[in-house]
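Notes to accompany the following structure.
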């Protein structure tokens, strides 16, 4: 439903403007309104999907799309059409986050860590609809006028509702527990920022500079709010710790700006500047969407994400350069070549960025991260709409299109530079912790893990509420560690808990020159030894007889008598689960190895704020001093050890 409304309006803008006596600079609001609503609604819908599963959100959204179709078909003026487009934007928000949620859920169920085939189908299905959109739009306009481009949403909504009702899981387990909390002040500040910026960009003038001031103030307020609230609309703290994901969002914005400027700007020029009919313009856009579909279908299963992005960005640069050479007398075959030159990068960039987000985002926020990817694409679309509104006056003439092409050339060049310089793209391709300890990365030989329960202790480290709030995929992490605890206890193994917490004396003993001092004092009361947040997480509560130590540094053995307690129990093998991988786990692996313990690291029982760091440590560093395995391998290992 989103691709059809994205593409079909491209050939309807000129007929709507002629019917309602509105210039191109005003009909551009039909594009901006949908994307402004979607840019705001996508993260909200994604967060709700993360919390409650996809079914209810998707069904409500399809109803809203149907209502929008009726409103648009009956509209008598441009403002009502803008309202209909806003409703369409809000109604199409849940589809993509719901799809990404279901793909990840199925990947977990089947053990498929990188379902590239399914992600390709998702991209191809969207682009298939985009192929049909302009051609269908031109045909509908010729048959029944521009109102049919809105009315088509009614049967589409009915079909989507029926499929969703019958096929979507009724009780998909949410990734986040607890009550729904929406950051309404953050949403409001984000909305004001975008709206004020868009109003200025649509018709930039010195007299309207106050709009930029409003956008700056609202943007600052939004940033401050999101950094301080416990449940932010856009988790800037997570983005700050995941620069690879931020770079992907930036690429999506730049790519979207060029893609949508071509889709909407060039399609208007084809009718006003080149003199084509809506149906002819729709047919000429077919090579654009068709080549995008072909690029996705052919390269979808190839793992070379960076290569796709680099080639796509380079083709956008070439297309923008060619756009400067076209005019009112350009042959149709040249225009077809131009559309292909823009279509191929559309497929490559869309698929590449989608796959990058799947691997870079925290699993517990996969739907909201996917929604945010679409938000950045829609921010690019909003920028494209503002650019076409600024460069096109009453008509979309050739001079305006050439001015637009210079802006697009600069954006495409920036995209190419950003992609080439992004070293993090080389490591995209596997989710953290996917390597089993049964495979020795140094020798490539298949190994069998055997653990003697009487001499083995599972250490649960730093799983405390104050720290667990930062754990990617928190609920799944806790579930896996609880499973590990049950397995070890059932086989008669030992269990130890390590928590971090500071007494007043501990704070005073940290020397000023220590880099650890600043971090400890920054958290202050939150890490006090008596604070509720520093106790062992309630879902992993210790039992009588378990080892329990409190530390005031990073490693499990530092500032504790853990080694002595383990020696008294005859433990010589440690199985480690902890947060964070680059903190307590790394320090304890090193220290335990120096103390001659046999060390086993549970890859899916550890987590880190930076997924790339987690992957690097699990795959490259830990195997030199520890066996790396998964929670699912504990049961057979302990069973073999008892025999």
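Residue numbers (my numbering): -1 to 641. The C-beta atom is built at its ideal place from N, Cα and C for all residues, glycine as well.
Query                                                                                                                    : Result
With 16 other Cβ atoms within 10 Å as the buried cut-off, status of residue 458                                          : buried
Where residue 47 falls, given that 16 or more other Cβ within 10 Å makes a residue buried                                : buried
Proximity to residue 317 [Cα-Cα], best of 253, 449, 632, 144                                                             : 253
Three-way DSSP call (helix, strand, coil) for residue 274 in this model                                                  : coil
Proximity to residue 346 [Cα-Cα], best of 373, 325, 289                                                                  : 289
Any alpha helix (DSSP H) of 4 or more consecutive residues that is wholly inside the stretch 8 to 96                     : 11 to 18, 22 to 50, 53 to 72, 76 to 89
Coarse secondary structure for residue 605, derived from DSSP in three states                                            : strand
For residue 226, the first and last residue of its enclosing alpha helix (DSSP H)                                        : 207 to 226
Proximity of residue 135 and residue 280 at Cβ, strictly below 8 Å                                                       : yes
With 16 other Cβ atoms within 10 Å as the buried cut-off, status of residue 267                                          : buried
Under 8 Å between C-beta atoms of residue 456 and residue 486                                                            : yes
Same chain only: Cβ atoms within 6 Å of residue 492, ignoring 5 sequence neighbours per side                             : 455, 567, 569
Contacting residues, own chain, Cβ-Cβ under 7 Å from residue 170 (five flanking each side not counted)                   : With a pLDDT of 46 at residue 170, under the threshold of 50, the predicted position of this residue should be treated as unreliable, and no value is reported.
Residue of 168, 216, 212 minimising C-alpha distance to residue 184                                                      : 216
Any 3 or more C-beta pairs closer than 8 Å across the stretch 588 to 605 and the stretch 409 to 421                      : no
C-beta contact flag for residue 537 and residue 476 at 8 Å                                                               : yes
Residue 139 - DSSP class collapsed to helix/strand/coil                                                                  : helix
Separation of residue 548 from residue 496, as counted between CA atoms                                                  : 6 Å
C-alpha gap between residue 480 and residue 354, whole angstroms                                                         : 30 Å
Pair within 8 Å by beta-carbon distance, residue 383 and residue 26                                                      : yes
Buried or exposed by the 16-neighbour rule on C-beta atoms within 10 Å, applied to residue 542                           : exposed
Cβ shell of residue 16 (< 8 Å), same chain only, five flanking positions each side left out                              : none
Own chain partners of residue 590 with C-beta closer than 6 Å, once the 5 adjacent residues on each side are dropped     : 572, 597
Nonlocal neighbours in the same chain, by C-beta distance under 7 Å from residue 149, ignoring five residues either side : 67, 71
Residue 494 versus residue 617 - alpha carbon distance                                                                   : 25 Å
Boundaries of the alpha helix (DSSP H) in which residue 398 is found, first to last residue                              : 396 to 419
Residue 621 (DSSP reduced to helix, strand or coil)                                                                      : helix
Residues bridged to residue 373 (per DSSP)                                                                               : Looking at the DSSP assignment, residue 373 forms no beta bridge with any residue, so it has no partner.
With 16 other Cβ atoms within 10 Å as the buried cut-off, status of residue 160                                          : exposed
Proximal residues to residue 145 (C-beta, below 7 Å), its chain only, five neighbours per side dropped                   : 71
Span of the alpha helix (DSSP H) around residue 258                                                                      : 241 to 258
Three or more C-beta pairs below 8 Å linking the stretch 524 to 540 and the stretch 553 to 566                           : no
Among 1, 312, 116, 575, the one whose alpha carbon lies nearest that of residue 652                                      : A question about residue 652 goes unanswered here, because the residues of the chain that appear run from -1 up to 641.
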